[in-house]
Amino acid sequence: MLHRDSRADGSFVFAVRSTHIYCRPSCPARRPLRRNTLFFQTAQDAEKNGYRPCNRCRPKEQDAATALVQRAATVMSNASGDAIRLGLLARQIQTSPAKLRRAFRRVTGLSPKEFEQAFRLVRFKKLLREGSNITEALYECGYGSSSRLYEKTNAHLGMTPASYRRGGEGMQIGYAVANTSLGKVLVGATDRGVSAVYLGEREGSLVEALRKEYPKAEIVRATGESEGWLKEIVRRVEGNAPSVDLPLDVQATAFQRRVWQELQKIPRGATRTYTQVARALGKPRSVRAVARACATNPVSIVVPCHRVIRSDGNLAGYRWGLQRKQKLLEREAASA
Ligand SMILES: [Zn+2]
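Numbering (my numbering), first residue to last: 5 to 340.
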């Protein structure tokens with residue numbers, strides 16, 4: 005509540021004794037004194053105790069949207085197999101497709117379809133972690149064939165079932181390091197895609213950072229495929245336009261994935277503010293969460309988090325050093 009973290013919305017509301025108003029945790033209004041603050045599990049509980057919904061954060065609407073998404077999710081979890089049809093789903097829970105779509109966007113930031121896909125993947129990964137083999141888990145989750153699953157997980161998650169197994173354990177990451185005009189660049193990759201792009205001064209500390217990020221993976225010096233990827237990334241570091249698509253193999257939450265995809269839409273030579281990215285995602289209040297997703301981007305350059313800056317033009321932070329961020333932006337602006 006103190007951080008106005010919208011992830012807490014829907015799990016409780018807080019009420020203010022002096023004003024008789026209740027709010028969601030993320031309400032933008034000034035925070036009341038602790039001694040004037042009460043907490044309730046739901047909007048309904050707050051109203052039963054005589055509190056009115058706040059006009060700024062509209063906790064009641066959020067509640068209605070959350071309830072709708074909850075009902076839809078229950079239907080999805082009971083329907084094994086075929087993908088959902090929005091019209092049918094809406095009818096089953098007595099609402100309209102448009103309302104349902106809005107509720108999903110608002111509560112989860114995803115469309116019902118994206119949500120359903122993410123939902124299925126969560127189930128699929130759970131089955132793998134619990135020891136099912138891939139074929140069993142595939143059928144259990146209603147994927148037609150394993151090639152279709154590989155397609156979907158690659159496009160939507162950037163993480164393939166095989167490398168996900170046992171929480172990333174058993175993943176083999178090969179790394180290669182090259183010199184660039186911005187120092188060393190380390191590229192880590194599995195045989196399916198790029199998992200890490202780090203910039204720095206010393207090879208040793210870059211490899212150390214890679215081991216920290218993937219503690220359970222087997223990390224070895226690369227041979228073969230990643231050479232081409234390394235060359236491509238070096239070209240991009242020097243400000244050149246992408247010449248080939250780079251497949252990614254990274255772990256991501258649904259939200260991180262959306263932010264990273266949004267960052268990949270920022271043209272070379274341009275920048276966006278965290279606020280603009282949050283708005284483009286349809287989640288204008290998630291500026292902090294967007295900043296966090298940028299800061300945790302494991303594949304710099306390929307996901308160009310360096311193109312996101314603060315609203316006042318300040319460059320904000322960069323894991324690989326502000327000077328590098330500035331130089332990357334200058335180069336891209338000059339050659340775009
Ligand atoms: Zn409020």
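We put the CB at the ideal spot given by N, CA and C, even for glycine.
Candidates Asn82, Gly91, Leu42, Tyr26: closest to glutamate 65 by CA position: Within the sequence shown, residue 65 is the residue found at index 61, counting from 1. Glutamate 65 has its Cα closest to that of Tyr26, out of Asn82, Gly91, Leu42, Tyr26.
Can you tell me whether DSSP reads proline 57 as helix, strand or coil? The residue given as residue 57 occupies position 53 in the sequence shown. Strand, per DSSP.
Regarding alanine 50 and ligand 1, is the C-beta to nearest heavy atom distance less than 7 Å? As a working note, residue 50 is residue 46 in the sequence shown. If you check the C-beta of alanine 50 against ligand 1, you find no heavy atom less than 7 Å away.
Residue burial classification, glutamine 74 (beta-carbon count within 10 angstroms, cutoff 16): On the sequence shown, position 70 is the one that residue 74 refers to. That one is exposed.
Pull up the distance between the alpha-carbon of alanine 180 and that of glycine 192, whole angstroms please. Residue numbering aside, residue 180 sits at position 176 when the sequence shown is read from its first letter. Residue numbering aside, residue 192 sits at position 188 when the sequence shown is read from its first letter. Rounded to whole angstroms, alanine 180 to glycine 192 spans 7 Å at the Cα level.
Could you check whether valine 17 and proline 63 sit closer than 8 Å to each other, using their CB atoms as the reference points? Counting from 1 along the sequence shown, the entry for residue 63 is found at position 59. Counting from 1 along the sequence shown, the entry for residue 17 is found at position 13. Annotated as proximal: proline 63 and valine 17, with beta-carbon spacing under 8 Å.
Going by Cα to Cα distance, which pick from Ser199, Ile177, Gly232 is closest to arginine 225? Walking along the sequence shown from the start, residue 225 turns up at place 221. Checked all of Ser199, Ile177, Gly232; the closest Cα to arginine 225 is Ile177.
Rounded to whole angstroms, how far is the Cβ of alanine 320 from the Cβ of arginine 272, which I believe are closer than 8 Å? In the sequence shown, the residue the question calls residue 320 occupies position 316. In the sequence shown, the residue the question calls residue 272 occupies position 268. Incorrect: roughly 19 Å between the Cβ atoms, too far for contact.
Given 8 Å as the limit, is there contact between the segment 203 to 216 and the segment 247 to 256, that is, 3 or more CB pairs closer than that? no
Relative to the C-alpha of asparagine 244, which candidate in Thr99, Arg105, Pro302, Glu336 has its C-alpha closest? Here residue 244 corresponds to residue number 240 of the sequence shown, with the count starting at 1. Here the closest residue by C-alpha is Glu336.
Quick check on DSSP: helix, strand or coil for cysteine 205? The residue given as residue 205 occupies position 201 in the sequence shown. The sequence given here has glutamate at residue 205, not cysteine. Here glutamate 205 sits in coil by DSSP.
For the alpha helix (DSSP H) that contains valine 111, what are its first and last residues? On the sequence shown, position 107 is the one that residue 111 refers to. 101 to 112 is the span of the alpha helix (DSSP H), which, as asked, contains valine 111.
Own chain residues within Cβ distance below 7 Å of arginine 169, not counting five before or after: Mapped onto the sequence shown, residue 169 falls at position 165. Because arginine 169 sits at a pLDDT of 45, beneath the cut-off of 50, its placement in the model cannot be relied upon, and the point is left open.
Measuring CA to CA, which of Arg109, Ala107, Ala76, Arg215 is closest to leucine 92? Along the sequence shown, read from residue 1 onward, the residue named residue 92 stands at position 88. Comparing Cα positions, the closest option is Ala76.
Using a 10 Å radius around the Cβ and a threshold of 16 neighbouring Cβ atoms, would you call glycine 54 buried or exposed? Position 50 of the sequence shown, counted from the first residue, corresponds to residue 54. The residue in question, glycine 54, is exposed, as its Cβ has fewer than 16 Cβ neighbours within 10 Å.
Would you mind sorting arginine 38 into buried or exposed? The rule is 16 or more other CB atoms within 10 Å of its CB. The residue labelled residue 38 in the question sits at position 34 within the sequence shown. Arginine 38 should be labelled exposed.
Would you be able to state if there are at least three C-beta pairs under 8 Å between the segment 214 to 223 and the segment 261 to 281? no
State the beta-bridge partners of alanine 182 as determined by DSSP. The residue labelled residue 182 in the question sits at position 178 within the sequence shown. Answer is Val189, bridged to alanine 182.
Contact check, histidine 24 vs arginine 60, beta carbons under 8 Å: Within the sequence shown, the letter at position 20 stands for residue 24. Within the sequence shown, the letter at position 56 stands for residue 60. Going by C-beta atoms, histidine 24 is not nearer than 8 Å to arginine 60.
Counting only runs of 3+ residues fully inside the segment 216 to 268, write out the beta strand (DSSP E) ranges in chain order. You should have 222 to 225.
Kindly indicate which three-state DSSP category threonine 41 falls into: helix, strand or coil? To locate residue 41, count along the sequence shown from 1; it is residue 37. Residue state, collapsed to three classes: strand.
Counted within 10 angstroms of its Cβ, other Cβ atoms place phenylalanine 123 as buried (16 or more) or exposed: Counted from its first residue, the sequence shown places residue 123 at position 119. Flag for phenylalanine 123 reads buried.
Does ligand 1 have even one heavy atom less than 7 Å from the beta-carbon of cysteine 27? Along the sequence shown, one-based indexing puts residue 27 at 23. Yes; taking the cut-off as 7 Å, the Cβ of cysteine 27 has a heavy atom of ligand 1 nearer than that.
For isoleucine 88 and glutamate 205, the rounded distance between their alpha carbons: Here residue 205 is taken as the residue at index 201 of the sequence shown, counted from 1. Here residue 88 is taken as the residue at index 84 of the sequence shown, counted from 1. Near 50 Å, if we compare the C-alpha coordinates of isoleucine 88 and glutamate 205.
Which same chain residues, not among the five before or five after arginine 152, have their C-beta less than 8 Å away from its C-beta? What you label residue 152 is simply residue 148 of the sequence shown in a count that begins at 1. For arginine 152, the predicted model reports a pLDDT of 48, less than 50, meaning its position is unreliable and no value from the coordinates is stated.
Could you tell me the boundaries of the beta strand (DSSP E) in which valine 20 lies? One-based indexing of the sequence shown puts residue 20 at position 16. It spans 17 to 20 - the beta strand (DSSP E) in which valine 20 sits, taken as one unbroken run.
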